[in-house]
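> Going line by line, the protein sequences match chains A and B.
Be aware that the first sequence starts at 187, since it is given in the numbering used here, and climbs by one per residue.
Be aware that the second sequence starts at 274, since it is given in the numbering used here, and climbs by one per residue.
Glycine included, each C-beta is placed from N, C-alpha and C at the ideal position.
This one's a predicted model, so the numbers in the text were calculated from it and none came from an experiment.
Shown below is the structure under consideration.
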Amino acid sequence: MAIVERPSDVLALPSGDVVPHDPLGVFARPRAKTGWRAWVSTVDHKRIGIMYGASSLVFLVMGGVEALIIRAQLAAPGQKLLSADLYNQVFTMHGITMIFLVVMPMGAAFMNYLIPLQIGARDVAFPRINALSFWVFLFGGIFLSSSWLLGGGADGGWFAYAPNTGVVFSPSHGMDFYAIGLQITGIASLLGGVNLVVTCLNMRAPGMTMMKMPVFTWMSLVVQVLLVFAIPVISVALFLLTFDRLFDANFFNVQQGADPLLWEHLFWIFGHPEVYILILPAFGIVSEIIPVFSRKPIFGYPFMVFSGIAIGFMGWGVWAHHMFSSGIGPISVAAFSVSTMFIAVPTGVKILNWIATLWGGKITFSTPLLFSIGLVTMFTIGGLSGVTHAVAPADTQQTDTYYIVAHFHYVIFGGALFGFLGGFYFWWPKVFGYFLNDRRGKHQFWLTLVGFNLTFGPMHILGLQGMSRRIHTYRDGYGFNFWNMVSTIGAFLIALSVLLFFINIVRSKREAASLPPPGPDPWDARSLEWSIPSPTPAHNFDDDPIVTQLDDFWHRKYGEDEQGRMVPIATADEVAMVGDPSRSHLPAPSYWPLVLAASFPLIGYGLIFNMVLAGLGVAVLVGGMVGWALEPADDEDLPPHGHDDGEGDGDGDGGADTELPSVDAEPEEVTVGD
Amino acid sequence: MTDAAVHAPAAAAGPSHHTSTGLSNTKLAMWVYLGSDCLLFGSLISTYLLLRHRSVTGPGPNQVFDIPFTSVSSFVLLMSSLTMALAVAAITRGDIHRNRAWLATTAMLGAVFIGGQVYEFTTFYREGLGYTTNIFGSAFYTLTGFHGVHVSVGIVMLMSLLVTSLRGNLGPERAETVETIGLYWHFVDIVWILIFTVVYLIP
């Protein structure tokens, strides 16, 4: 086995001469390895992850601008920046953008990039479907956002209670864009969910049993299972709404006997698992960061895993706590009140375990850890206000006030987004091969923390004072003036911190040339993705790693001395992956995911504006499917002609089923734990 | 642990079918997808159950349903599950001709079912139950329509299998592909048992 020197480009696969055209399919098989063609035809989970991340950051700016407009409108009483109607559109689009186009894809970015690396796989189970989910998501997001230019955004709130969102009360096309746009992003989530569930279950490296998977991968698996089961429920709700709005069906037509609670139930059966879909990836991220910067294994790994699973299960039994004021009856209220209090238990277990991991550790307060601690503290505040909603009589007072707004921003921003920011700082060197500057990162952290608390902290007070959400203004003399002004100032501080993040990316990139490269394992970390060069080579692992225990990579670096203390036995560079990558097969890039995905917005626009366009969309959809089916991608039965297997440079036809080296024997089971 | 022990020994290996669970990726993906589809039909059936007796105008279920007719078409669909199982058995044995015959029969039985549904829909429409007539109409056509779309997609998949087979690309080594599509087909049939019971039989 050849020892390959750093830097990593030595490990890059040999790019041999390949036949540039493939007669199969309409398109020549994409060959580019750089440039935009390489990106639009990629099926590489790493590039797809990066594209998910980049799109979510763009949508973050859009959703952020909408937030700033809201805060500017509410900065003082009686402002006239926005009309009531426009205000409805802005807060609705802010919610949809942040939930479906920022937090979900940002989670998907981490999951796409990291799951195969953490389980020691070459790629996800279905690389082309992975590309398809990204493009469908992106086009769905663009479709949703384009409503601003085509007659106005959705105006019914992110949960879009029908019949309020029927044609009668919401005559613009905004809600059509909502119903069809979320349907499209739902398709993306469903495809991604099936793909990543199969990846986690089926693509694990030899020896990587379920209980040796890193906590992030575990939480991702729970999230994807939730997506797989939650998405069809919202799909049905959105279908019903679409049929009502476009084809005059009667599902939400109260004059025809409809029950307004139908939408609420369907939406929240999806909607409550959805909040765990938003938060669990971030839980996974901090569960990776905290052990590394405390230099301790995660406290109570099985408890971490099972509490995540418990959250996933119990998340299905609490949806009606969103409906305590809808008149669902005292028994339902009591039952859901109790189940909601129960679900705080596994979440509390997680928080305890993070604190216990930090306890007694050799803590390094780097930016990723700061953001993780930010998550633990801010999410706890949000969790505590959440428990107050579980108390039905209190909730009746809080419903539709800013107290609720404060709560869910503390859990989604203070939870999910803090986790993601920490994750960006943590994995940036792995993904891009340079560090984000830690000093600027700390500045950004403190600015975010202060801005966040200034923005959303006062909303607790405003809500308890009785300020309603979703109202475009308030009168002078209600006592709302001061805290609204504070909140607006805080919002602009958050905007500044996001700007600082972007500045940090650009400047760190510029400074990277004069700094030593991060190497495979800059943080002395624990999971498999750190055992390969930074940035990750296209083929991930030279050889399939063989896993013997939890935190396997760590245990290759550290052993126990006579007193049972951890002592270094090898440096990261010594144990980092070096091998012969020439046998690795990578899934072939393809344009078909892009083509197939483009059909969905066409169908969407067609349904709203012109059926001819929808027909065209269906034609593209069918054509895309046929082209996809005829193009051999990951078909191992394909005869070896056409693609030279020996090239191994991304045009191989091995697909997801990469060649595994024959393993002499099953690796021995080693007891988990340190 | 030394470096050499950490990494898999280099060895020549052909394409491997190794997966962690032993199930192939496509089959596992089909199971996961079918789990998801359960929730889709679960939501649609719940919607139907909530709405079916809430119409303020007629016609209602009792005025339009022709239970003997639907029973026959349901029987046809259920028999297609049997022929599907026979198709899978044939390809597993390597009997390509029987496999083709059973695939064609399955697709045909599915098509007969869809034909029955089209006939039923047009009859109901002539009897005054349009999609927008009342809330029962909306719920009924949506639920059974979604099921019909599922059956139609299944027929397309079966036809694709048949074409692949006629082009000589469907041997026993790809029995699992037939089996995976068979999973989908059986699922759609099972869902129909549920829908038939809930929609037609329960008064």
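What residue range does the beta strand (DSSP E) around Glu746 (chain A) cover?
For this step, residue 746 (chain A) is matched to residue 560 along the first sequence. Its beta strand (DSSP E) spans residues Tyr744 to Glu746.
> Considering just the uninterrupted stretch of the alpha helix (DSSP H) at Pro254 (chain B), what are its terminal residues?
Nothing in the structure corresponds to residue 254 (chain B), since chain B is present only between 274 and 476.
> For Phe668 (chain A) and Val524 (chain A), what's the separation of their Cα atoms in angstroms?
Here residue 668 (chain A) is taken as the residue at index 482 of the first sequence, counted from 1. Here residue 524 (chain A) is taken as the residue at index 338 of the first sequence, counted from 1. Their Cα atoms are separated by approximately 36 angstroms.
> Grab the span of the beta strand (DSSP E) containing Met352 (chain B) for me, first residue to last.
Here residue 352 (chain B) corresponds to residue number 79 of the second sequence, with the count starting at 1. Note, Met352 (chain B): premise wrong, no beta strand (DSSP E); alpha helix (DSSP H) at Ile340 to Arg366.
> What distance in whole Å lies between the Cβ atoms of Val401 (chain A) and Arg712 (chain A), which are believed to be in contact at a cut-off of 8 angstroms?
Here residue 712 (chain A) corresponds to residue number 526 of the first sequence, with the count starting at 1. Here residue 401 (chain A) corresponds to residue number 215 of the first sequence, with the count starting at 1. At roughly 10 angstroms, the Cβ-Cβ gap does not stay under 8 angstroms, so Arg712 (chain A) and Val401 (chain A) are not in contact.
> At the level of alpha carbons, what is the spacing between Asn726 (chain A) and Phe666 (chain A)?
Locating residue 726 (chain A) in the first sequence gives position 540, where the first residue counts as 1. Locating residue 666 (chain A) in the first sequence gives position 480, where the first residue counts as 1. Looking at the two C-alpha atoms, the distance is approximately 55 angstroms.
> Which parts of the region 647-702 of chain A are runs of the beta strand (DSSP E), unbroken and 3 residues or longer, counting only runs that do not cross its ends?
With a minimum length of 3 residues, no continuous beta strand (DSSP E) run stays inside the region 647-702 of chain A.
> Would you report the Cα separation of Leu434 (chain B) and Leu443 (chain B), rounded to the nearest angstrom?
Start at 1 with the first residue of the second sequence, and residue 434 (chain B) comes out as number 161. Start at 1 with the first residue of the second sequence, and residue 443 (chain B) comes out as number 170. For Leu434 (chain B) and Leu443 (chain B), the distance between alpha carbons rounds to 8 angstroms.
> For Val414 (chain A), tell me which candidate among A:Ala240, A:Phe456, A:Trp404 and A:Met394 has the shortest Cα-Cα distance.
Taking the first sequence and counting its residues from 1, the one referred to as residue 414 (chain A) is at position 228. Ranking A:Ala240, A:Phe456, A:Trp404 and A:Met394 by Cα distance to Val414 (chain A) puts A:Phe456 first.
> Roughly how far, in whole angstroms, is the beta-carbon of Met645 (chain A) from the beta-carbon of Ser673 (chain A), given that I think they are within contact range, below 8 angstroms?
On the first sequence, position 459 is the one that residue 645 (chain A) refers to. On the first sequence, position 487 is the one that residue 673 (chain A) refers to. About 6 angstroms; that satisfies the 8 angstroms criterion.
> Start and end of the beta strand (DSSP E) containing Met752 (chain A)?
Residue 752 (chain A) sits at position 566 when you count from the first residue of the first sequence. Taken as a continuous stretch (DSSP letters only), the beta strand (DSSP E) holding Met752 (chain A) covers Met752 to Pro754.
> Would you mind giving the Cβ-Cβ distance between Arg504 (chain A) and His458 (chain A), rounded to the nearest angstrom? I have them listed as a contact below 8 angstroms.
In the first sequence, the residue the question calls residue 504 (chain A) occupies position 318. In the first sequence, the residue the question calls residue 458 (chain A) occupies position 272. The sequence shown places Val at residue 504 (chain A), rather than the Arg named in the question. With 8 angstroms as the limit, Val504 (chain A) and His458 (chain A) qualify as a contact, their Cβ atoms being about 6 angstroms apart.
> Relative to chain B, which residues along the region 411-423 of chain A have a C-beta separation below 8 angstroms, given in chain order?
Answer in chain order: Val414, Phe415, Ala416, Ile417, Pro418, Val419, Ser421, Val422 and Ala423.
> Does the beta carbon of Asn298 (chain B) come closer than 7 angstroms to any beta carbon on chain A?
Within the second sequence, the letter at position 25 stands for residue 298 (chain B). Answer yes: the Cβ-Cβ gap between Asn298 (chain B) and chain A drops below 7 angstroms somewhere.
> Rank B:Pro476, B:Gly441, B:Leu431 and B:Thr470 by C-alpha distance to the C-alpha of Ala358 (chain B) and give the top, closest one.
Looking up residue 358 (chain B) in the second sequence gives position 85. Measuring from the Cα of Ala358 (chain B), the nearest candidate turns out to be B:Leu431.
> Of the residues that make up the region 377-397 of chain A, which ones have a beta carbon closer than 8 angstroms to any beta carbon in chain B?
Listed by position, the residues of the region 377-397 of chain A near chain B (Cβ gap below 8 angstroms) are Gly379, Val380, Asn381, Val383, Val384, Leu387, Asn388, Met389, Arg390, Pro392 and Met394.
> Go through its chain and collect everything with a Cβ distance to Tyr473 (chain B)'s Cβ below 7 angstroms, but skip five positions before and after it.
By one-based count along the second sequence, residue 473 (chain B) stands at place 200. Phe338, Ile340 and Thr343, listed in sequence order.
> Looking at the secondary structure, which residues open and close the alpha helix (DSSP H) in which Asp310 (chain B) lies?
What you label residue 310 (chain B) is simply residue 37 of the second sequence in a count that begins at 1. Per DSSP, Asp310 (chain B) belongs to the alpha helix (DSSP H) from Asn298 to Leu324.
> Please determine if the region 426-435 of chain A and the region 399-415 of chain B are in contact, where contact requires at least 3 C-beta pairs separated by less than 8 angstroms.
Contact between the region 426-435 of chain A and the region 399-415 of chain B is present, because at least three Cβ pairs lie under 8 angstroms.
> Using a Cβ-Cβ distance cut-off of 7 angstroms, determine whether Gly676 (chain A) contacts chain B.
Residue numbering aside, residue 676 (chain A) sits at position 490 when the first sequence is read from its first letter. It does not: the Cβ of Gly676 (chain A) has no partner Cβ on chain B nearer than 7 angstroms.
> Taking 7 angstroms as the CB-CB limit, is Gly601 (chain A) close to chain B?
As a position in the first sequence, residue 601 (chain A) is number 415, starting the count at 1. Answer no: the Cβ-Cβ gap between Gly601 (chain A) and chain B never drops below 7 angstroms.
> Check whether the Cβ of Asn372 (chain B) lies closer than 7 angstroms to any Cβ atom in chain A.
Taking the first residue of the second sequence as 1, we reach residue 372 (chain B) at position 99. Not one chain A Cβ lies under 7 angstroms of Asn372 (chain B).
> Using a Cβ-Cβ distance under 7 angstroms, would Gly443 (chain A) count as near chain B?
Position 257 of the first sequence, counting from 1, holds the residue named residue 443 (chain A). Taking Cβ atoms only, chain B reaches closer than 7 angstroms to Gly443 (chain A), which makes this a yes.
> Does any CB atom of chain A fall closer than 7 angstroms to the CB of Thr395 (chain B)?
Numbered from its first residue, the second sequence carries residue 395 (chain B) at position 122. Output row for Thr395 (chain B): interface = no.
> In the DSSP assignment, the alpha helix (DSSP H) including Leu782 (chain A) goes from what residue to what residue?
Translated into positions along the first sequence, residue 782 (chain A) becomes position 596. Trp778 to Phe795 is the span of the alpha helix (DSSP H), which, as asked, contains Leu782 (chain A).
> Is it right to say Ile475 (chain B) is buried, meaning 16 or more other beta carbons lie within 10 angstroms of its own, or is it exposed?
The count along the second sequence starts at 1 and reaches residue 475 (chain B) at position 202. Exposed.
> Let me check one thing: in DSSP terms, what residues is Thr587 (chain A) bridge-paired to?
Walking along the first sequence from the start, residue 587 (chain A) turns up at place 401. Thr587 (chain A) pairs with A:Ser654.
> Could you pull out every residue in the same chain whose Cβ sits closer than 8 angstroms to the Cβ of Asp362 (chain A), ignoring the five residues on either side in sequence?
Locating residue 362 (chain A) in the first sequence gives position 176, where the first residue counts as 1. Same-chain partners within the cutoff: Thr428, Arg431, Leu432, Leu793 and Ile794.
> Once DSSP output is grouped into helix, strand and coil, what is the label at Pro615 (chain A)?
Mapped onto the first sequence, residue 615 (chain A) falls at position 429. Pro615 (chain A): helix per DSSP, three-state reduction.
> What in chain A is Cβ-close to Gly367 (chain B), meaning under 7 angstroms?
Within the second sequence, residue 367 (chain B) is the residue found at index 94, counting from 1. In chain order: nothing, as chain A lies at least about 16 angstroms away.
> Between Met297 (chain A) and Ser242 (chain A), how many whole angstroms is the CB-CB distance? I'm expecting something under 8 angstroms.
Sequence index remark: in the first sequence, residue 297 (chain A) carries index 111 (1-based). Sequence index remark: in the first sequence, residue 242 (chain A) carries index 56 (1-based). Wrong, their Cβ atoms sit about 12 angstroms apart, outside the cutoff.
> Decide if Pro595 (chain A) is buried, meaning its Cβ has at least 16 other Cβ atoms within 10 Å, or exposed.
Taking the first residue of the first sequence as position 1, residue 595 (chain A) is located at position 409. What sits at residue 595 (chain A) in the sequence shown is His, not Pro. Answer is buried; the Cβ neighbour count reaches 16.
> For His326 (chain B), count the other beta carbons within 10 Å of its own beta carbon; 16 or more makes it buried, fewer makes it exposed. Which is it?
Position 53 of the second sequence, counting from 1, holds the residue named residue 326 (chain B). Burial call: exposed.
> Could you name the residues of chain A that Gly383 (chain B) contacts, counting a contact when the two beta carbons are closer than 9 angstroms?
For the purposes of this step, residue 383 (chain B) is identified with residue 110 of the second sequence, where counting begins at 1. The contacting residues do not exist; Gly383 (chain B) stays about 19 angstroms from chain A at best.
> Rounded to whole angstroms, what is the Cα-Cα separation between Val391 (chain B) and Trp334 (chain A)?
As a working note, residue 391 (chain B) is residue 118 in the second sequence. As a working note, residue 334 (chain A) is residue 148 in the first sequence. When rounded, the distance between both Cα atoms is 40 angstroms.
> What does the alpha-carbon distance come out to for the pair Leu210 (chain A) and Pro779 (chain A)?
Here the question's residue 210 (chain A) lines up with position 24 in the first sequence. Here the question's residue 779 (chain A) lines up with position 593 in the first sequence. Per-residue confidence for Leu210 (chain A) stands at a pLDDT of 47, beneath the threshold of 50, marking its modelled position as unreliable; the derived number appears in the next sentence. Each residue's Cα considered, the two are about 16 angstroms apart.
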